[in-house]
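See structure below.
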Amino acid sequence: MRSCKSDDIEALKRFRNNSEPTWLFASHGKIVNLMFGTNVPKLINLITEELDIELKCRAGEVERKYYELYELTPEEQEREDARKAIEDEAERIEKEAAIKKRRDYIISVTDTIMENIQDMGITLFMPHVHKDVYKKLNEHAEKHDLHFKEKRLVYLNPKMLEVLHFDCENRMDDEVFEQIFYKEVQGYVWKRQDDVSRAPEDVIGDFVRFLTEPNEVLDNDGNVEKVIPPLIEPLEMLYNANDGTWKMIDKNPKKKKSGVNLNASQSTSSKETFDEESCPKIYVPGVWSPTNRRATAALFYLLFRHLTESFLGPDPVPEPPHICIVFDAYKKRDVFEVIAKFNRDVMAYGYFTSGDPKTAELIAKKTERYVRLKPNVNDKLILKVAKATSHAMLALTAVGPCYISQNAVEGQEECALLFPPNYDNIEEEAEAGEDTKKKHKKKRRGKKSDTSLSTSESATSSTPTADPGADGQGEGGELGTIGEGSTGEEGETTSSSTNSPEKVGGPGEEGEEQKT
Numbered sequence: 000m001r002s003c004k005s006d007d008i009e010a011l012k013r014f015r016n017n018s019e020p021t022w023l024f025a026s027h028g029k030i031v032n033l034m035f036g037t038n039v040p041k042l043i044n045l046i047t048e049e050l051d052i053e054l055k056c057r058a059g060e061v062e063r064k065y066y067e068l069y070e071l072t073p074e075e076q077e078r079e080d081a082r083k084a085i086e087d088e089a090e091r092i093e094k095e096a097a098i099k100k101r102r103d104y105i106i107s108v109t110d111t112i113m114e115n116i117q118d119m120g121i122t123l124f125m126p127h128v129h130k131d132v133y134k135k136l137n138e139h140a141e142k143h144d145l146h147f148k149e150k151r152l153v154y155l156n157p158k159m160l161e162v163l164h165f166d167c168e169n170r171m172d173d174e175v176f177e178q179i180f181y182k183e184v185q186g187y188v189w190k191r192q193d194d195v196s197r198a199p200e201d202v203i204g205d206f207v208r209f210l211t212e213p214n215e216v217l218d219n220d221g222n223v224e225k226v227i228p229p230l231i232e233p234l235e236m237l238y239n240a241n242d243g244t245w246k247m248i249d250k251n252p253k254k255k256k257s258g259v260n261l262n263a264s265q266s267t268s269s270k271e272t273f274d275e276e277s278c279p280k281i282y283v284p285g286v287w288s289p290t291n292r293r294a295t296a297a298l299f300y301l302l303f304r305h306l307t308e309s310f311l312g313p314d315p316v317p318e319p320p321h322i323c324i325v326f327d328a329y330k331k332r333d334v335f336e337v338i339a340k341f342n343r344d345v346m347a348y349g350y351f352t353s354g355d356p357k358t359a360e361l362i363a364k365k366t367e368r369y370v371r372l373k374p375n376v377n378d379k380l381i382l383k384v385a386k387a388t389s390h391a392m393l394a395l396t397a398v399g400p401c402y403i404s405q406n407a408v409e410g411q412e413e414c415a416l417l418f419p420p421n422y423d424n425i426e427e428e429a430e431a432g433e434d435t436k437k438k439h440k441k442k443r444r445g446k447k448s449d450t451s452l453s454t455s456e457s458a459t460s461s462t463p464t465a466d467p468g469a470d471g472q473g474e475g476g477e478l479g480t481i482g483e484g485s486t487g488e489e490g491e492t493t494s495s496s497t498n499s500p501e502k503v504g505g506p507g508e509e510g511e512e513q514k515t
């Protein structure tokens, strides 16, 4: 029997950062069995069985299966599959919760926009629209009961599709959007004339049809005298399977002036041996406008956020996904040693009467205050930890927590009970009376270890925050770029990235505690 440290053995690296004892049974340099845990009777029985099997194996009576040191045994594989299933389920729950939270927020925002902007709409003019069209655009709009409000040049990108397509009844295909990503798109805001009662989407819809459909001119008898071609035509694009790209189809190819050029053209076309008739085609419309009110409101939120500033506040900074980790309070020294290394991932902490978020009562927020009280064996140190990376969680797990949230959804609910938005104020009010009572009492000599721990805590937890980039508003965080901050000139918006609003103490607060 030998004791092996997996930290120094590469083939056993899968057992690192695992506090559970693992018993490996090896023969001829390979694994034959293993057992997890400290069940002594079970271990003794297994040792007896393995010795008996080994003797029979050497005598040629039985055969057994061997596993390489780096290979998972059936029991390990079963555990790994169960762990993976739990992680996948937690990831699914967190993803669905993040999507729902993001959708609920956009619905709330668009509801506010629909209430306050009831007479305006938006059109997007695609990159292939000729500049001459814009010269008489306002004149045509006036004839269709519309006033020009403002315009801006925007550059759409894939991150905008969530809001751009939000509850849209006439959404464009993603393949069409791919052709206009990062290209110049003109966004126009139109205001419905005051004497018109129809919805802005209906008025703008008539205007779009006038621009994109042929217009018939009738004579005195009501017959069609001539047909005026549309001012804006769609762009036809053909997929070239030879190079995997979309190519624009020129409807009016220029004629070659010389025979040399003609031969060159024929030579070039002969290289492109693909059948145009059988190749996929897409049509990029010259102008597009949402046909329903909520989609229009989403477009205002996406591209013309400044028009909503008078009634719609800035987007809140999203909290990163986080979980609740509970420790016995007497492990505070080991816990704060880990926090010192991963202080950015610890969003909040405190000492509570129990580990149940529903019944736990706050005892103290700082170790200095906690040690001045009479610690109870049932007291718990509870942490609010961001799931930005797995390093902090693994390190804290090695300390031996009493409880860890199953996923970020449960963690958010539990932390909301333990660490409400006014957590700092509640803690200060609750302990103000306690400090007053002890003000005139004789100062007790504190243990040296407590002073050392308090100093370490002050250095590591004065501003423990989590990087908001790890979210679940994940994509929403990125989608937050659509609404957060001020709109840029390119149709994208700049998102302000700040630390979590949950902060644990501060230098000033520590100073006050040391004076007390």
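Position 420, counted from 1, in the sequence shown is what numbering that gives the first Met the number 0 calls 419; the numbers after and before it change by one each time, with no gaps. C-beta: ideal position from N, C-alpha, C; glycine also.
Legend entry - DSSP beta-bridge partners of Phe-326: Partner(s): Leu-380.
Inset, instruction - Confirm, please, whether the CB-CB distance from Val-345 to Ala-385 is below 9 Å. - result: Going by C-beta atoms, Ala-385 is nearer than 9 Å to Val-345.
Legend entry - Touching by the beta-carbon criterion (3+ pairs, under 8 Å), the segment 128-139 and the segment 322-329: Not touching, per the Cβ criterion.
Legend entry - Nonlocal neighbours in the same chain, by C-beta distance under 6 Å from Cys-278, ignoring five residues either side: Cβ within range, chain order: Leu-237 and Tyr-238.
Inset, instruction - Rank His-146, Leu-382 and Cys-3 by C-alpha distance to the C-alpha of Val-334 and give the top, closest one. - result: For Val-334, the nearest C-alpha among the options comes from Leu-382.
Inset, instruction - Quick one: give me the first and last residue of the beta strand (DSSP E) that Tyr-348 is part of. - result: From DSSP, the beta strand (DSSP E) with Tyr-348 extends over 345-351.
Legend entry - Contact set for Val-128: own chain, Cβ-Cβ below 8 Å, skip 5 residues either direction: Take Val-128, set aside five residues on each side of it, and the residues of its chain with a beta-carbon closer than 8 Å to its own are Gln-185, Ile-231, Gly-285 and Val-286, in chain order.
Legend entry - Which residues DSSP lists as bridging Tyr-517, in chain order: What is shown of the chain runs 0 to 515, which leaves residue 517 out entirely.
Inset, instruction - Put Tyr-369 into one of helix, strand or coil per three-state DSSP. - result: Tyr-369: helix per DSSP, three-state reduction.
Legend entry - Check whether Lys-29 and Glu-67 have beta carbons under 9 Å apart: A contact, by the Cβ cut-off of 9 Å.
Legend entry - When Glu-60, Tyr-65, Gln-117 and Lys-64 are compared against Gln-192, the one with the closest alpha-carbon: Looking only at Glu-60, Tyr-65, Gln-117 and Lys-64, the smallest Cα-Cα distance to Gln-192 is reached by Gln-117.
Inset, instruction - Ignore the nearest five residues each way along the sequence and tell me which others in Pro-229's own chain have a CB closer than 6 Å to its CB. - result: Taken in chain order, the residues that qualify are Thr-211, Glu-212 and Pro-213.
Legend entry - Under 9 Å between C-beta atoms of Tyr-369 and Tyr-350: Yes, these two residues count as a Cβ contact at 9 Å.
Inset, instruction - For Ala-363, collect the residues of the same chain with a Cβ closer than 6 Å to its Cβ; drop the 5 residues on either side in sequence, then sort them by chain order. - result: Excluding residues within five positions, the ones whose Cβ falls inside 6 Å are Tyr-350 and Tyr-369.
Inset, instruction - Note the first and the last residue of the continuous alpha helix (DSSP H) segment covering Ile-338. - result: Segment 331-340, the alpha helix (DSSP H) holding Ile-338.
Inset, instruction - Assign Gln-117 to one of three DSSP states: helix, strand, or coil. - result: Looking at Gln-117 - three-state DSSP - the assignment turns out to be coil, as it is neither helix nor strand.
Legend entry - Buried or exposed (CB count within 10 angstroms, at least 16 for buried), Arg-82: Result: exposed.
Legend entry - Residue environment, Asn-32, which counts as buried when at least 16 other CB atoms sit within 10 Å: Burial call: buried.
Legend entry - the segment 5-22 touching the segment 33-52, judged by at least three CB pairs closer than 8 Å: Under the three-pair Cβ rule at 8 Å, the segment 5-22 counts as touching the segment 33-52.
Inset, instruction - Determine contact between the segment 150-160 and the segment 102-111, defined as no fewer than three beta-carbon pairs at a distance below 8 Å. - result: With a cut-off of 8 Å, the segment 102-111 and the segment 150-160 do not count as touching, because too few Cβ pairs lie within range.
Inset, instruction - Using a threshold of 9 Å, state whether the C-beta atoms of Ala-89 and Gln-405 are closer than that. - result: Annotated as proximal: Ala-89 and Gln-405, with beta-carbon spacing under 9 Å.
Legend entry - Where Val-316 falls: helix, strand or coil (DSSP): If DSSP states are grouped into helix, strand and coil, Val-316 belongs with coil.
Inset, instruction - With DSSP as the reference, label Val-520 as helix, strand or coil. - result: The chain is shown from 0 up to 515; residue 520 falls before or after that span and cannot be answered.
Legend entry - CA-to-CA distance, Ala-339 to Asp-327, given in whole angstroms: Those two C-alpha atoms are separated by around 18 Å.
Inset, instruction - Please report the residue range of the beta strand (DSSP E) in which Phe-147 lies. - result: That run of the beta strand (DSSP E) goes 145-153.
Legend entry - Residue closest to Phe-299, alpha-carbon to alpha-carbon, out of Val-316, Phe-165, Val-376 and Glu-215: Ranking Val-316, Phe-165, Val-376 and Glu-215 by Cα distance to Phe-299 puts Phe-165 first.
Legend entry - Pick from Arg-292, Asn-377, Glu-70 and Leu-152 that is closest to Asn-169, judged by C-alpha positions: Nearest option by C-alpha distance: Arg-292.
Inset, instruction - May I ask which residues mark the beginning and end of the beta strand (DSSP E) holding Ile-52? - result: No beta strand (DSSP E) contains Ile-52, which is instead part of the alpha helix (DSSP H) from 39-57.
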